[in-house]
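Structure first, then comments.
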Amino acid sequence: MAKNDVATNRKCVIIGGSAGSLKVLLHLIPKIDKTIDLPVIIILHRANDAQSSLEQLLGDHTQLKVKEAEDKETLMPGVIYLAPPNYHLLVERAGTLSLDCSEKVQFSRPSIDVSFQSAAEVFGRRLLGIILSGANSDGTVGLAAIQECGGLVAIQNPRNADMPTMPVSALEAIDPDYIVNDNQIADIINKFGSA
Amino acid sequence: MINDEELDLLLHDILEIYGYDFTDYAKASIKRRVNRLFTLDRFPSFAEFRFRLRNDETYLHRFIEQITVNVTEMFRDPGFYAGLREHVLPILATYPFIRIWHAGCSTGEEVYSMAILLKEANLLHKSILYATDINPQVVKQAARGVFPMAHMKQYSENYIHSGGRNDFSSYYTAGNDKVVFDEQLKKHMVFSTHNLAAESSFNEFQLIVCRNVLIYFERALQEKVFKLFDQSLDKLGFLALGSKESLRLSPAVAKFVQIDKEKIWRKMM
C-alpha cells in the first residue's frame, strides 16, 4: 500500500496550540520561508461559535497561502492549513485531509492528539510536530506518536510559554528533539523544510 | 492497535458476510473508530476481534453503532436553519405537498428541528419528513422523540439564533431528566434504516438534508451519494449539506446553484 501513497515523498509540519499560542503563531508565521516546500498544518483550540477570522489574521502575516482545511482536499506544499473549529482534522494516506465531527477528545475538538496521530502514520519520519503554549494536556499523546513513527518533535520552552501546562505535559512524556523559545520555532521549520 | 492491512481485512469480511460496505469510508477516520472499539471492548488480539465480527451477528450491530458517528444537536449551526427559513421554506410553501428526506438522521435532533420550522411556517400539515440512517439503533431512538433534558438549554439558544420566536419549551413535555417532543411533530415523520453506500432512491423529494455524513466517505463514495441525491430530488429541489461539506468539487455541481452562504444548493435542471 505504501508505495502508491502520494504523501510518501513529502514532508509536513504540524503545530498544535491552545491558550497563549496565537501570539506565538503570529510571531513565527512571518518568518517561515516563502519558498518552503511542504504543507504546514495548524491545530489551534478556539471558541466554537467564533466565525473564524483566524484565517485572515494569520494570512495578513505571511505571503504563504493560509486557508481553513476543507474535507478531502489534497495537501499542497507552501500552504498553511488551519483545522476548522468544532471538527477533528485527519490526514489520509493519499495526502488528503478528512474532517470528522465525532466526540471531543479530552474536551477538545479539534483534538491535537487526533491530528498528530494520523499525520504521524502517514508521514512517519518526514514529519515535524510542534507543541506550543496551552492550559491542558492535549498533544502529548500525539507528539509521542510522531516520535514513535520516526518524526521530529519540538516543544515550546514552558518558561517561554504563556500557559506552560501543555508543554510541561509533553515534556514529562517525551524527550524532544528541540525545546524552543517562540523566536526559534520558524528556524526549525525552515531547516526541516530545506534538509 | 489495528493496522491498515488488518482494517482492510475486517471491512472486506463485513462486506462479504453481512453486505455492509464500509470499504469506501475515509480511512483515517474509520480506522480511528475501529481502534476505539477494539480498545473499548478489550480484545486481546486482532484475530479475536475479527473472529467475533465474522461469527457473531449481534456484535456486528454493536460495530455499526460504534463505528458510525452520532454527534448531533437540535438547530445545529443556527445560521443554517435561518437560511432554510428565509430561502427554502417560502418556496416549499408553493407546493401542494412537501417531501423531505433526512439522510443520516442519527438520533433525530435535526428532524425535530425541521418539523418545528415547518410548523412555524404553517407547512407541517402538508409535509412528510423521511428520516433514515444506516444504524437501526439510532433510528429507533429518533422515532421515540425523547431527548435528554440537559441539552435543552443549548437547543433553546440554537433555536433562538435560528430565528425562532416561540418559547422552545412549548414543543416538549418535561419529565425528570428527559423531555418528550410533541406528538403533533412526530405524526409527520417516517423513520427507516437506509444505507447510503448501497441502497437506491426510494422517493422524490423537494428537500434533502444530509449534514456531516459525507465527510466520513471517500471521494468516490461521496460522488455516488451525490448521484443518488440528484436522482431523488425534484427539479428545483434543494440539497442541504453540513457546514464543511460542498458540492463544489463534484461534477454534479453543474446542475445546481448554491443559494445561500450556508450550504444549500438548488437543482436547476
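Just so you know, the sequences run in chain order X and H. Quick note: the first sequence uses the numbering used here, first residue 4, plus one each step. Quick note: the second sequence uses the numbering used here, first residue 36, plus one each step. Even glycine gets a Cβ: it sits at the ideal position worked out from N, Cα and C. Only a predicted model underlies this, so the values are computations on that prediction, with no experimental measurement involved.
Per DSSP, what kind of secondary structure is Glu71 (chain X) in: helix, strand or coil?
The answer is strand: DSSP assigns Glu71 (chain X) an E or B state.
Use the C-beta contact count for Asn247 (chain H): other C-beta atoms within 10 angstroms, 16 or more gives buried, fewer gives exposed.
buried
Using only alpha-carbon positions, find the residue among H:Leu127, H:Gln172 and H:Ala178 that is nearest to Leu159 (chain H).
H:Leu127
Using a Cβ-Cβ cut-off of less than 7 Å, list which residues of the region 19-36 of chain X approach chain H; keep chain order.
Taking 7 Å as the Cβ-Cβ cut-off against chain H, none of the residues of the region 19-36 of chain X qualify.
Here's the rule: buried if 16 or more other CB atoms are within 10 angstroms of the residue's CB, otherwise exposed. What is Gly145 (chain X)?
Buried is the call here.
For Glu175 (chain X), does the count of other Cβ atoms within 10 angstroms reach 16, so buried, or fall short, so exposed?
exposed
By how many angstroms is the C-alpha of Val244 (chain H) removed from the C-alpha of Ala275 (chain H)?
5 Å
Measuring straight from C-alpha to C-alpha, what distance separates Arg71 (chain H) and Met36 (chain H)?
Here the alpha carbons of Met36 (chain H) and Arg71 (chain H) stand approximately 9 Å from one another.
Nearer than 7 Å: is that true of the beta carbon of Val69 (chain H) relative to any heavy atom of the ligand MG?
Within the structure as shown, the ligand MG is missing, as the structure has no ligands at all.
Take the Cβ of Asn12 (chain X) as the centre, count every other Cβ of all protein chains shown within 10 Å, and call the residue buried at 16 or more, exposed below.
In summary, Asn12 (chain X) is exposed, with fewer than 16 beta-carbon neighbours lying within 10 Å of its beta-carbon over all protein chains present.
For the alpha helix (DSSP H) holding Leu57 (chain X), just list the boundary residues, first then last.
Residues Leu57 to Gly62.
By Cβ distance below 7 Å, which residues in the same chain neighbour Val108 (chain X) in space, the five residues on each side in sequence not counted?
Ser114, Asp116 and Val117
Give the residues of chain X in contact with Ile250 (chain H), contact being defined as C-beta atoms less than 9 Å apart.
Going along chain X in sequence order, the residues near Ile250 (chain H) (Cβ under 9 Å) are Asp74, Lys75, Tyr90, Ser101, Leu102, Asp103 and Cys104.
Inspect the beta-carbon positions of Glu239 (chain H) and Ser267 (chain H) and report whether they are closer than 8 Å.
yes
Just the chain H side, please: which residues come within less than 8 Å of Glu95 (chain X) by C-beta, in chain order?
Ala61, Lys62 and Ala63
Leaving aside the five residues before and after Ile182 (chain X) along the sequence, list all residues of the same chain whose C-beta is less than 6 Å from its C-beta, in chain order.
Ile158 and Asn160
Go ahead and pull the three-state DSSP assignment for Tyr55 (chain H).
Here Tyr55 (chain H) sits in coil by DSSP.
Using only CA atoms, which one of H:Arg301, H:Ser285 and H:Phe261 lies nearest to Phe291 (chain H)?
H:Arg301
Who does Asp168 (chain H) pair with in a DSSP beta bridge?
In DSSP, Asp168 (chain H) forms a bridge with H:Thr228.
Checking contacts by CB at 8 Å: is Val183 (chain X) closer than that to chain H?
no
Suppose you measure from the CA of Glu155 (chain H) to the CA of Arg134 (chain H); what does that come to, to the nearest Å?
17 Å
Relative to the C-alpha of Ser56 (chain X), which candidate in X:Val125, X:Asn184, X:Lys70 and X:Arg96 has its C-alpha closest?
X:Lys70
Determine the direct distance from the alpha carbon of Pro179 (chain X) to that of Ser285 (chain H), and round the result to whole angstroms.
43 Å
What are the start and end residues of the beta strand (DSSP E) that includes Asp165 (chain X)?
Unbroken run through Asp165 (chain X): none, as it is neither H nor E.
Could you name the residues of the region 174-186 of chain H whose beta carbon sits closer than 7 Å to any beta carbon of chain X, in the order they occur along the chain?
Residues passing the 7 Å Cβ filter: none.
Less than 8 Å between CB atoms is the rule here; does Ser121 (chain X) satisfy it with respect to chain H?
yes
Touch check for the region 189-196 of chain H and the region 210-225 of chain H: three-plus C-beta pairs under 8 Å?
no
For Glu280 (chain H), which residues in chain X fall below 8 Å Cβ to Cβ?
Asp74
So which of H:Thr129, H:Leu119 and H:Val214 has the shortest CA-CA distance to Lys296 (chain H)?
H:Leu119
Enumerate in chain order the residues of its own chain whose CB-to-CB distance from Ile52 (chain H) is below 7 Å, with the five nearest sequence positions on each side excluded.
Arg89
In angstroms with no decimal places, state the Cα-to-Cα distance between Phe110 (chain H) and Arg129 (chain X).
42 Å
If we cut at 8 Å on Cβ distances, does Asn211 (chain H) have a partner in chain X?
no
List, from N- to C-terminal side, the beta strand (DSSP E) runs of 3 residues or more that fit wholly inside the region 86-144 of chain X.
91-94, 100-103 and 130-134
Three Cβ pairs or more, each shorter than 8 Å: is that satisfied between the region 91-98 of chain X and the region 25-38 of chain X?
no
Below 6 Å CB to CB, which residues in the same chain sit around Ala305 (chain H) once its five sequence neighbours on both sides are set aside?
Here chain H covers residues 36 to 304 and nothing more, so residue 305 (chain H) does not appear.
I'd like to know if Val171 (chain X) contacts chain H, where contact means its C-beta is closer than 8 Å to some C-beta of that chain.
no
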